[in-house]
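Beneath this line is the structure, given in structure tokens, with notes to follow.
Number of protein chains: 2
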Amino acid sequence: MNASALSRPHSLVQQVCEQLAALIRGSQREGKGWLPGERSLAEQFGVSRTVVREATKRLEQQGLLEIQHGNGIKIVDRLHRPLNEALTLLIPDMAERLAQLNEARLAIEPQAAALAARNANREQIRQLRRIHAQLCESPDSRSAIEADTAFHHAIADASGNRIHRLILDSLAELGTSSRLLTIGRIGKQPAIEHHQAILEAIENGDAQAAERAMRHHIEAAGRDMDLPALKELSPL
Amino acid sequence: MNASALSRPHSLVQQVCEQLAALIRGSQREGKGWLPGERSLAEQFGVSRTVVREATKRLEQQGLLEIQHGNGIKIVDRLHRPLNEALTLLIPDMAERLAQLNEARLAIEPQAAALAARNANREQIRQLRRIHAQLCESPDSRSAIEADTAFHHAIADASGNRIHRLILDSLAELGTSSRLLTIGRIGKQPAIEHHQAILEAIENGDAQAAERAMRHHIEAAGRDMDLPALKELSPL
DNA sequence: TGAAGTCAGAGGTCAGACCACTAAGTTACG
DNA sequence: CGTAACTTAGTGGTCTGACCTCTGACTTCA
Chain A
1 MNASALSRPH SLVQQVCEQL AALIRGSQRE GKGWLPGERS LAEQFGVSRT
51 VVREATKRLE QQGLLEIQHG NGIKIVDRLH RPLNEALTLL IPDMAERLAQ
101 LNEARLAIEP QAAALAARNA NREQIRQLRR IHAQLCESPD SRSAIEADTA
151 FHHAIADASG NRIHRLILDS LAELGTSSRL LTIGRIGKQP AIEHHQAILE
201 AIENGDAQAA ERAMRHHIEA AGRDMDLPAL KELSPL
Chain B
1 MNASALSRPH SLVQQVCEQL AALIRGSQRE GKGWLPGERS LAEQFGVSRT
51 VVREATKRLE QQGLLEIQHG NGIKIVDRLH RPLNEALTLL IPDMAERLAQ
101 LNEARLAIEP QAAALAARNA NREQIRQLRR IHAQLCESPD SRSAIEADTA
151 FHHAIADASG NRIHRLILDS LAELGTSSRL LTIGRIGKQP AIEHHQAILE
201 AIENGDAQAA ERAMRHHIEA AGRDMDLPAL KELSPL
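The following block contains the structure:
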């Protein structure tokens, strides 16, 4: 029945993964950014370098580590990474992926905005204002995209649901290339107005308005996508 | 700028992954279920067994393979697996995970039902009816859960959005253990009635009704969750 | 002072050995 | 005759130790 906990540890790699995960959690709190080298980890855990390598590779794929050739093993926090890869595998064609991406965001993100309107605390609202100001003042496309992405990320955060946040982080990241084109073509003004409306709704705790504003925002983004141009971009 | 395609192949593992992925896609069409052994793959690709192992492990984590000790390498199609693992890592505590899971489903699945009402074709509706009948006639809890899960899966499928489908597959799988408890405690009758309402709405192409019925269904599931019992179940 | 060269140490790949597990075929017993 | 126990071939899992390649920092020399 219960295939968890006590039955597994037969795999060495699994055990090392768990020890490493604990080590990572600890280091994240202290701000240490790097793990010891593979050779010393192997010695420390009393296993071969082979096993350590498999374990670190696995944790890298899960978004907990980033292995840099010739440099070392960095501790990161990108848990949405596996979802990115899965969606890229699921829909290899970029244009189609972006279309479905937008449809999915249309279903999810308005709900997240509604939740945020209900749950956001003062600090989170301040953060949203700060990011919105950055978008207004952004000098070039690159920083505009950054602020745009950060805004959506902050809303997912304010929704208080970590699953939402992970999913939306991934969807946002996968859509970055398309936003770059959109902003280059039609500018950031529409986005600023939409964000303004969403921000006000959240400030007022008006869930329905937030949901509506966000839906409007994403629908507009879908219309403004330049699919033909995207098809030219890249096969991946 | 564009860090895709041509810059990467410096990694042997990456190359083998791509070749394997192609091989897998081919085999999926023909129904072949197993890959050759690691040793013959290594010979076939002209690399060491080490590289083949890293590649297969990677693809296993992505949900394309399942490696069985002493048996072989099976081709599977479980692209939602990485999301499962990410969410388990993200929220290790099962009770909390289930709570947030339900909240997330509440945001996503009604939209999927609405999309399904708009997009489902005849065959997909027939499939839904078939599955619903299975739930009605299910003799025990296990088969009831199976039919229940299959129903939600079929709706995600009928929504026509593959991203929805992947996400919902994962959320459904993670919630299985909780459904088992719920059905054991209060029976399958409520679920049958809810599914009936959803099914009718989709048959009629009534997106609003489908959305409402699904929302009602998930809200009920959330209320019926026995969180105290879940806390006793398992630390993972 | 700055650019080129050098070097230590990190991850990447290799080869070959042996261990642990699974399934299937074989044998021997009831 | 059927079934349970044993044997075995082949799979993935782990170990060892060697060598390659890359990165960053140090050293050297114009």
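Chains as they are written, first to last, in the working numbering: chain A, 1 to 236; chain B, 1 to 236.
Cβ atoms here follow ideal geometry from the backbone N, Cα and C, with glycine treated the same way.
- Think of a sphere of 9 Å around the beta carbon of residue 74 of chain B: no beta carbon from chain A falls inside it, the nearest being about 17 Å out.
- Look at residue 71 of chain A: its C-beta is not under 8 Å from any C-beta on chain B.
- Taking CB atoms only, residue 161 of chain A has a neighbour in chain B less than 8 Å away.
- For residue 216 of chain A, the closest Cβ of chain B is not nearer than 8 Å.
- It is roughly 12 Å from the alpha-carbon of residue 52 of chain B to the alpha-carbon of residue 54 of chain A.
- Counting along the chain, residue 65 of chain B sits inside the beta strand (DSSP E) bounded by residues 65 to 68.
- Within the stretch 11 to 83 of chain B, the complete beta strand (DSSP E) segments of 3 residues or longer fall at 65 to 68, 72 to 75, listed in chain order.
- In terms of CA proximity to residue 156 of chain A, A:116 leads the group A:62, A:116, A:72.
- Following the DSSP letters along the chain, one finds residue 206 of chain B in no alpha helix (DSSP H), marked with neither H nor E.
- Distance from the CA atom of residue 40 of chain B to the CA atom of residue 56 of chain B, rounded to whole angstroms, is 13 Å.
- Here DSSP, grouped into helix, strand and coil, assigns residue 225 of chain B to coil.
- A Cβ of chain B is located within less than 8 Å of the beta carbon of residue 62 of chain A.
- Identification of chain B residues near residue 108 of chain A by a Cβ-Cβ cut-off of 7 Å yields 107, 108, ordered along the chain.
- Less than 8 Å divides the Cβ of residue 134 of chain A from the Cβ of residue 147 of chain A.
- Across the set B:64, B:163, B:70, B:50, the C-alpha of B:163 shows the shortest separation from the C-alpha of residue 105 of chain A.
- Contacts with chain A at 8 Å (Cβ-Cβ) do not include residue 192 of chain B.
- Counting every other CB atom within 10 Å of its CB across the protein chains shown gives residue 175 of chain A a total of 16 or more, marking it as buried.
- DSSP, reduced to helix, strand and coil, places residue 184 of chain B within a helical segment of the structure shown.
- It is roughly 18 Å from the alpha-carbon of residue 112 of chain B to the alpha-carbon of residue 131 of chain B.
- The Cβ atoms of residue 183 of chain A and residue 145 of chain A sit closer than 8 Å to each other.
- Residues 171, 174, 175 of the same chain have their beta carbon placed closer than 7 Å to that of residue 101 of chain A, with the five preceding and five following residues left out of the count.
- If only complete runs of 4 or more residues are kept, the stretch 76 to 146 of chain B shows the alpha helix (DSSP H) at 81 to 90, 94 to 119, 122 to 137, in order along the chain.
- Taking 8 Å as the cut-off, the beta carbon of residue 225 of chain B is found no closer than this to the beta carbon of residue 90 of chain B.
- Counted as a single uninterrupted DSSP element, the alpha helix (DSSP H) harbouring residue 170 of chain B occupies residues 162 to 174.
- For residue 165 of chain A, the closest C-alpha among the options B:87, B:59, B:10, B:46 is that of B:87.
- Classified as exposed, residue 189 of chain A has fewer than 16 neighbouring CB atoms from the shown chains inside 10 Å of its CB.
- Taking C-beta separations shorter than 8 Å and ignoring five residues to either side along the sequence, the partners of residue 77 of chain A in its chain run 28, 63, 64, following chain order.
- Only 161, 162, 163, 164, 166, 167 from the stretch 145 to 169 of chain B bring a Cβ to less than 8 Å from some Cβ of chain A.
- Proximity of chain A to residue 104 of chain B at the Cβ level (cut-off 7 Å) is accounted for by 161, 163, 164, in chain order.
- Under the Cβ distance rule, residue 35 of chain B does not count among the residues neighbouring chain A, no pair being separated by less than 8 Å.
- Residue 58 of chain A sits buried, since 16 or more C-beta atoms from the chains shown fall within 10 Å of its C-beta.
- A residue is called buried once 16 or more other Cβ atoms fall within 10 Å of its Cβ, and residue 161 of chain B is buried on that count.
- Taking a Cβ-Cβ threshold of 8 Å, the residues of chain B close to residue 58 of chain A are 57, 61, in chain order.
- One Cα belongs to residue 138 of chain A, the other to residue 154 of chain A, and the distance between them is close to 18 Å.
- Scanning its chain for C-beta atoms nearer than 7 Å, with the 5 sequence neighbours on each side dropped, one finds around residue 203 of chain A the residues 125, in chain order.
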